[in-house]
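As given, the protein sequences belong to chains D and U, one line each in that order. Here the first sequence is numbered in UniProt numbering, starting from 1 and rising by one per residue. Here the second sequence is numbered in UniProt numbering, starting from 1 and rising by one per residue. Heads up, the beta-carbon is just placed ideally off N, CA and C, and yes, glycines get one too.
2 protein chains.
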Amino acid sequence: AASSPPLPAAVTCTAPVNMAVIKYWGKRDNELILPINSSLSVTLHQDQLKATTTVAVSRAFQEDRLWLNGEEADAGQPRLQACLREVRRLARKRRSGAEDADAPGLSYKVHVASENNFPTAAGLASSAAGYACLVSALARLYGVQGELSAVARRGSGSACRSMLGGFVQWQRGERADGEDSVALQVAPETHWPELRVLVLVVSAEKKPVGSTAGMQTSVETSPLLKHRAEALVPERVALMARHIRERDFEAFGQLAMRDSNQFHATCLDTFPPIFYLNEVSRRIIALVHRYNGHHGPQPHPTTPAPCPVPRGLRWGVLARSRDGALPPPTPPLCPQPGPGPQLLDDPSQHLLGPDGLPLFPAAAAPWPV
Amino acid sequence: AASSPPLPAAVTCTAPVNMAVIKYWGKRDNELILPINSSLSVTLHQDQLKATTTVAVSRAFQEDRLWLNGEEADAGQPRLQACLREVRRLARKRRSGAEDADAPGLSYKVHVASENNFPTAAGLASSAAGYACLVSALARLYGVQGELSAVARRGSGSACRSMLGGFVQWQRGERADGEDSVALQVAPETHWPELRVLVLVVSAEKKPVGSTAGMQTSVETSPLLKHRAEALVPERVALMARHIRERDFEAFGQLAMRDSNQFHATCLDTFPPIFYLNEVSRRIIALVHRYNGHHGPQPHPTTPAPCPVPRGLRWGVLARSRDGALPPPTPPLCPQPGPGPQLLDDPSQHLLGPDGLPLFPAAAAPWPV
Numbered sequence: 001a002a003s004s005p006p007l008p009a010a011v012t013c014t015a016p017v018n019m020a021v022i023k024y025w026g027k028r029d030n031e032l033i034l035p036i037n038s039s040l041s042v043t044l045h046q047d048q049l050k051a052t053t054t055v056a057v058s059r060a061f062q063e064d065r066l067w068l069n070g071e072e073a074d075a076g077q078p079r080l081q082a083c084l085r086e087v088r089r090l091a092r093k094r095r096s097g098a099e100d101a102d103a104p105g106l107s108y109k110v111h112v113a114s115e116n117n118f119p120t121a122a123g124l125a126s127s128a129a130g131y132a133c134l135v136s137a138l139a140r141l142y143g144v145q146g147e148l149s150a151v152a153r154r155g156s157g158s159a160c161r162s163m164l165g166g167f168v169q170w171q172r173g174e175r176a177d178g179e180d181s182v183a184l185q186v187a188p189e190t191h192w193p194e195l196r197v198l199v200l201v202v203s204a205e206k207k208p209v210g211s212t213a214g215m216q217t218s219v220e221t222s223p224l225l226k227h228r229a230e231a232l233v234p235e236r237v238a239l240m241a242r243h244i245r246e247r248d249f250e251a252f253g254q255l256a257m258r259d260s261n262q263f264h265a266t267c268l269d270t271f272p273p274i275f276y277l278n279e280v281s282r283r284i285i286a287l288v289h290r291y292n293g294h295h296g297p298q299p300h301p302t303t304p305a306p307c308p309v310p311r312g313l314r315w316g317v318l319a320r321s322r323d324g325a326l327p328p329p330t331p332p333l334c335p336q337p338g339p340g341p342q343l344l345d346d347p348s349q350h351l352l353g354p355d356g357l358p359l360f361p362a363a364a365a366p367w368p369v
Numbered sequence: 001a002a003s004s005p006p007l008p009a010a011v012t013c014t015a016p017v018n019m020a021v022i023k024y025w026g027k028r029d030n031e032l033i034l035p036i037n038s039s040l041s042v043t044l045h046q047d048q049l050k051a052t053t054t055v056a057v058s059r060a061f062q063e064d065r066l067w068l069n070g071e072e073a074d075a076g077q078p079r080l081q082a083c084l085r086e087v088r089r090l091a092r093k094r095r096s097g098a099e100d101a102d103a104p105g106l107s108y109k110v111h112v113a114s115e116n117n118f119p120t121a122a123g124l125a126s127s128a129a130g131y132a133c134l135v136s137a138l139a140r141l142y143g144v145q146g147e148l149s150a151v152a153r154r155g156s157g158s159a160c161r162s163m164l165g166g167f168v169q170w171q172r173g174e175r176a177d178g179e180d181s182v183a184l185q186v187a188p189e190t191h192w193p194e195l196r197v198l199v200l201v202v203s204a205e206k207k208p209v210g211s212t213a214g215m216q217t218s219v220e221t222s223p224l225l226k227h228r229a230e231a232l233v234p235e236r237v238a239l240m241a242r243h244i245r246e247r248d249f250e251a252f253g254q255l256a257m258r259d260s261n262q263f264h265a266t267c268l269d270t271f272p273p274i275f276y277l278n279e280v281s282r283r284i285i286a287l288v289h290r291y292n293g294h295h296g297p298q299p300h301p302t303t304p305a306p307c308p309v310p311r312g313l314r315w316g317v318l319a320r321s322r323d324g325a326l327p328p329p330t331p332p333l334c335p336q337p338g339p340g341p342q343l344l345d346d347p348s349q350h351l352l353g354p355d356g357l358p359l360f361p362a363a364a365a366p367w368p369v
């Protein structure tokens, strides 16, 4: 037993997807991921949509490694490394003085395995959930507490909003170093539990233009985006926060629709134009307007799922199971507001085995209990 | 012969379609049809697309009557009556003092027959060509000359731009009475004869939302449209006029694309949102960007039609023939800049017979030559 390597330290977390009701589109600093405007989102309950991430560190690891949905990916990517660096910096700060700044573990290589239970890059904020999850697990591993949304922001802008539950505002901030560009909770998930978000996946394909490249082109070419960010969004964020505090469903829903449309409008004003709405999205939008015109934009009743899906909706969500198979389309999801990242205490939930390699899809040695 | 009614006085004109390269969308006065911003267009040659209108007046006519593409329509509609009233007012002003203000003809009822050689209301500016044609024919009939674009504007805003050939700016104007909201020629059609406009009809259906209702909703609900009209368009119009004067095809084309996209963006920012682009339009936009990326956005060669159509384009224009049949799709049209409204001198071209009734589709008595 003396020659066998020590067990790695491992932590597994889950983290939620968030749906912006006032949209983020455009960075004022590409390196630090600082937005041109504040945004506001609903954190969706993890019963339906979530990322799960295991982070392990060990003296025995030779290099940083990363597996996404079971496939090995580049662990050297700058955004992942920025998150690692920032969490370690906070850990050193915490330990400084009292202990050795080079405390064991901080110089070790990490292994990361992450998976989503929904299609990656289909516009379901997979990177938001993924980076919120990574940062939560790393922070736990290194014993870092407190404000971590600015670290998650370095992975993916909207990931900072997935660091909190309920209704979350990502504050634009004014500082050049980004320290004030953080997530703040407008209201906890318990404030409006009867709210439902109907999630309809209209395409499981990757977006034609990724968010990072798309928003950079928009910032460079769209005069309407500039006006939106400077003159329109500040008022909209304040208004939306009020609608949430007052649980005014009609005003909340209408402003969310208007803001989503305006985001898509700025994409169209981009040169070359970016189209994220497809024929199915447009039909859903028309259906919602007809439905509201007929029934009035009433809040969904406070019944649990299955939520009331307007007739005519036959779309399903393609949920990715652990073995990578695509199950047949499932009914639309309708999560309620949910909590922020969660720690999974049970080591049997780890995605990495005691050897630091993915447990799935290859069945590997379980963790000793 | 003493008992037979006198021959009506009749005039037939043709008028062109125009394609806006800086778009008009939104009125500041719905009654006078005054725009929230200036716009700029290319008048398309009538060899490909045109409206033809015959106006006849006779003491024997009992009431105003109107036929559009062979179908009788409501001659009492306010916009047609506004054009009639305005032309008669100008005629009276012209005749005042010298002659009787109630000169023969001005109190007579009118018969109007108009037809387009392209689908009505498919986004091809049919009402622009139609009202420009009506006003030109009425003015000729009543002997009115000079500035008539403000009269055509009362029929359809963009009709004022079809009153001139070549490159035409519709000036927003400042006056409340609209007297300065007129069309001005930036350059005649002879200035840039090698320019070609590729016309691809992607749908022959009526637009889902008409321009009048759509732009009113946009003015009421889109903050991006307000910003566009106030802060962005004035500069764009000046810039576009310069590109035209300098025959700078690349700058001209790119600004036209950006402005078209921005117009569609404001439609999307409208609540409820308006979609005028369909899947085919989006594919054409993507194709044009790929084509320009590959070949560079070069001006078309100065060859006459058939113009060079990018491979992959298989759309046809549905041209409506006089007997109302829809011929099989024809190759895309590519008109060059063309002249303004034209008078047809040959009475055999009249759409109304000597009895004041449509000659087509019912074959009727020809005009005595």
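> Can the beta-carbon of H111(U) be found less than 8 angstroms from the beta-carbon of L359(U)?
Replying inline: Residue numbering aside, residue 111(U) sits at position 111 when the second sequence is read from its first letter. Residue numbering aside, residue 359(U) sits at position 359 when the second sequence is read from its first letter. The answer is no: Cβ separation not under 8 angstroms.
> So what does DSSP say about P78(D), is it helix, strand or coil?
Replying inline: Here residue 78(D) is taken as the residue at index 78 of the first sequence, counted from 1. Secondary structure of P78(D) (DSSP, three-state): helix.
>> Just to check my reading of the structure: C83(D) and V17(D) have Cβ atoms closer than 8 angstroms, yes? What is that Cβ distance to the nearest angstrom?
In response: If you number the first sequence from 1, residue 83(D) lands on position 83. If you number the first sequence from 1, residue 17(D) lands on position 17. With 8 angstroms as the limit, C83(D) and V17(D) do not qualify as a contact, their Cβ atoms being about 18 angstroms apart.
> Between S107(D) and S114(D), what straight-line distance do the alpha-carbon atoms span, to the nearest angstrom?
Replying inline: Taking the first sequence and counting its residues from 1, one reaches residue 107(D) at position 107. Taking the first sequence and counting its residues from 1, one reaches residue 114(D) at position 114. For S107(D) and S114(D), the distance between alpha carbons rounds to 22 angstroms.
> Between the C-alpha atoms of L357(D) and E230(D), what's the straight-line distance to the nearest angstrom?
Replying inline: Within the first sequence, numbered from 1, the residue matching residue 357(D) stands at position 357. Within the first sequence, numbered from 1, the residue matching residue 230(D) stands at position 230. About 47 angstroms.
>> How far does the beta strand (DSSP E) with T53(D) in it extend, from its first residue to its last?
In response: Working through the first sequence from its first residue, we reach residue 53(D) at position 53. First-last of the beta strand (DSSP E) with T53(D): 50-58.
> Which one or two residues does DSSP pair with F118(D) in a beta bridge?
Replying inline: For the purposes of this step, residue 118(D) is taken as the residue at position 118 of the first sequence. According to DSSP, which records beta bridges pairwise, F118(D) is partnered with nothing at all.
> Whose Cβ in chain U lies nearer than 7 angstroms to the Cβ of F275(D)?
Replying inline: Taking the first residue of the first sequence as position 1, residue 275(D) is located at position 275. Near F275(D) (Cβ distances below 7 angstroms), the residues of chain U are R282.
> Can you name the residues of chain D whose CB is closer than 9 angstroms to the CB of H295(U)?
Replying inline: Start at 1 with the first residue of the second sequence, and residue 295(U) comes out as number 295. The contacting residues do not exist; H295(U) stays about 15 angstroms from chain D at best.
> Who are the near neighbours of A69(D) in its chain, counting only those whose CB is closer than 6 angstroms to its CB and skipping five residues on each side?
Replying inline: The sequence position of residue 69(D) within the first sequence is 69, counting from 1. Before going on, a small fix: residue 69(D) reads as Asn here, not Ala. So the qualifying residues of the chain are E115.
> CB-CB under 8 angstroms to A9(U), same chain, minus the five flanking residues each way: which ones, in chain order?
Replying inline: To locate residue 9(U), count along the second sequence from 1; it is residue 9. The beta carbon of A9(U) is closer than 8 angstroms to those of A56, V57, S58, G105, L141 in its chain, skipping five residues each way along the sequence.
> Looking only at C-alpha atoms, which of E71(D), V42(D), I284(D) sits nearest to C160(D)?
Replying inline: Start at 1 with the first residue of the first sequence, and residue 160(D) comes out as number 160. Per the Cα distances, V42(D).
> Mind checking Q145(U): buried by the 16 CB within 10 Å criterion, or exposed?
Replying inline: Start at 1 with the first residue of the second sequence, and residue 145(U) comes out as number 145. Classification for Q145(U): exposed.
> For G214(U), which of V168(U), T190(U), S260(U), I274(U) has the nearest alpha-carbon?
Replying inline: As a first step, residue 214(U) is located in the second sequence; it is residue number 214 there, counting from the start. Nearest of V168(U), T190(U), S260(U), I274(U) to G214(U), Cα basis: I274(U).
> Taking the Cβ atom as the reference point for each residue, do residue 390(U) and L287(U) lie within a distance shorter than 8 angstroms?
Replying inline: A question about residue 390(U) goes unanswered here, because the residues of chain U that appear run from 1 up to 369.
> So, is the C-beta of N37(D) closer than 8 angstroms to a C-beta in chain U?
Replying inline: Position 37 of the first sequence, counting from 1, holds the residue named residue 37(D). Output row for N37(D): interface = no.
>> With a threshold of 8 angstroms between beta-carbons, can T190(D) be considered close to chain U, or not?
In response: Translated into positions along the first sequence, residue 190(D) becomes position 190. Taking Cβ atoms only, chain U never reaches closer than 8 angstroms to T190(D), which makes this a no.
> Quick one: is V280(U) buried, meaning 16 or more other Cβ sit within 10 Å of its Cβ, or exposed?
Replying inline: Stepping through the second sequence from its first residue, residue 280(U) is reached at position 280. Taking all protein chains shown into account, V280(U) has fewer than 16 neighbouring C-beta atoms within 10 Å of its C-beta and is therefore exposed.
> With 16 as the cutoff for other CB atoms within 10 Å, does residue 372(U) come out buried or exposed?
Replying inline: Residue 372(U) lies beyond the residue range present for chain U, which begins at 1 and ends at 369; the question has no answer from this structure.
> Quick one, which residues of the region 208-227 of chain U are near chain C if we go by CB-CB under 7 angstroms, in chain order?
Replying inline: The chain labelled as chain C is not found among the protein chains of the depicted structure, namely D and U.
> Among L32(D), R247(D), T221(D), Y276(D), which one has its Cα closest to the Cα of N261(D)?
Replying inline: Taking the first sequence and counting its residues from 1, the one referred to as residue 261(D) is at position 261. It is Y276(D).
> Taking the continuous alpha helix (DSSP H) assigned at F275(U), which residues delimit it?
Replying inline: Here residue 275(U) is taken as the residue at index 275 of the second sequence, counted from 1. Unbroken run through F275(U): none, as it is neither H nor E.
> Taking Cβ-Cβ distances shorter than 7 angstroms, what residues in chain D pair up with A251(U)?
Replying inline: As a position in the second sequence, residue 251(U) is number 251, starting the count at 1. Chain-ordered listing is empty here: chain D has no CB closer than 7 angstroms to the CB of A251(U), the nearest sitting near 13 angstroms.
>> Residues of chain D with CB closer than 7 angstroms to the CB of L268(U), please, in chain order.
In response: As a first step, residue 268(U) is located in the second sequence; it is residue number 268 there, counting from the start. Under the 7 angstroms cutoff, chain D gives N261, H264, A265, L268.
> Rounded to whole angstroms, how far is the Cβ of C267(D) from the Cβ of S218(D), which I believe are closer than 8 angstroms?
Replying inline: Translated into positions along the first sequence, residue 267(D) becomes position 267. Translated into positions along the first sequence, residue 218(D) becomes position 218. Between S218(D) and C267(D) the Cβ distance is about 7 angstroms, and since that is below 8 angstroms, they are a contact.
> Roughly how many angstroms separate the alpha carbons of P306(U) and D74(D), rounded to a whole number?
Replying inline: As a position in the second sequence, residue 306(U) is number 306, starting the count at 1. As a position in the first sequence, residue 74(D) is number 74, starting the count at 1. Note on P306(U): pLDDT 46, under 50, position unreliable in the model; no value is reported.
>> By the DSSP assignment, the alpha helix (DSSP H) with K226(D) in it spans what residues?
In response: Residue mapping note: residue 226(D) aligns to position 226 of the first sequence, counting from 1. Going by DSSP, K226(D) is part of the alpha helix (DSSP H) stretching over 223-227.
> Can a CB atom of chain D be found closer than 8 angstroms to the CB of I285(U)?
Replying inline: Stepping through the second sequence from its first residue, residue 285(U) is reached at position 285. It does; some Cβ of chain D falls within 8 angstroms.
>> Against chain U, with Cβ distances strictly below 8 angstroms, would E279(D) count as a contact?
In response: For the purposes of this step, residue 279(D) is taken as residue 279 along the first sequence, with counting starting at 1. Yes, E279(D) lies at the interface with chain U (some Cβ there is under 8 angstroms from its Cβ).
> Could you give the C-beta distance for S156(D) and A128(D), rounded to a whole number, given that I count them as a contact under 8 angstroms?
Replying inline: Counting from 1 along the first sequence, the entry for residue 156(D) is found at position 156. Counting from 1 along the first sequence, the entry for residue 128(D) is found at position 128. S156(D) to A128(D), Cβ: 6 angstroms. Contact.
>> Using a Cβ-Cβ distance cut-off of 8 angstroms, determine whether H243(U) contacts chain D.
In response: As a first step, residue 243(U) must be located in the second sequence, where it is residue number 243. Chain D has no Cβ within less than 8 angstroms of the Cβ of H243(U).
>> Is the separation between the beta-carbon of V135(D) and that of V87(D) shorter than 8 angstroms?
In response: Looking up residue 135(D) in the first sequence gives position 135. Looking up residue 87(D) in the first sequence gives position 87. The answer is yes: Cβ separation under 8 angstroms.
> Considering only C-alpha positions, which residue in the set L40(D), A60(D), Q216(D) is nearest to E31(D)?
Replying inline: For the purposes of this step, residue 31(D) is taken as residue 31 along the first sequence, with counting starting at 1. Distance check between E31(D) and each of L40(D), A60(D), Q216(D) places Q216(D) closest, using alpha-carbon atoms only.
> The beta strand (DSSP E) spanning M19(U) covers which residue range?
Replying inline: Numbered from 1 along the second sequence, position 19 holds the residue referred to as residue 19(U). Where M19(U) is concerned, the enclosing beta strand (DSSP E) stretches over 18-22.
>> Just checking: is the beta-carbon of P234(U) within a distance shorter than 8 angstroms of some beta-carbon in chain D?
In response: Translated into positions along the second sequence, residue 234(U) becomes position 234. No, because no Cβ of chain D sits closer than 8 angstroms to the Cβ of P234(U).
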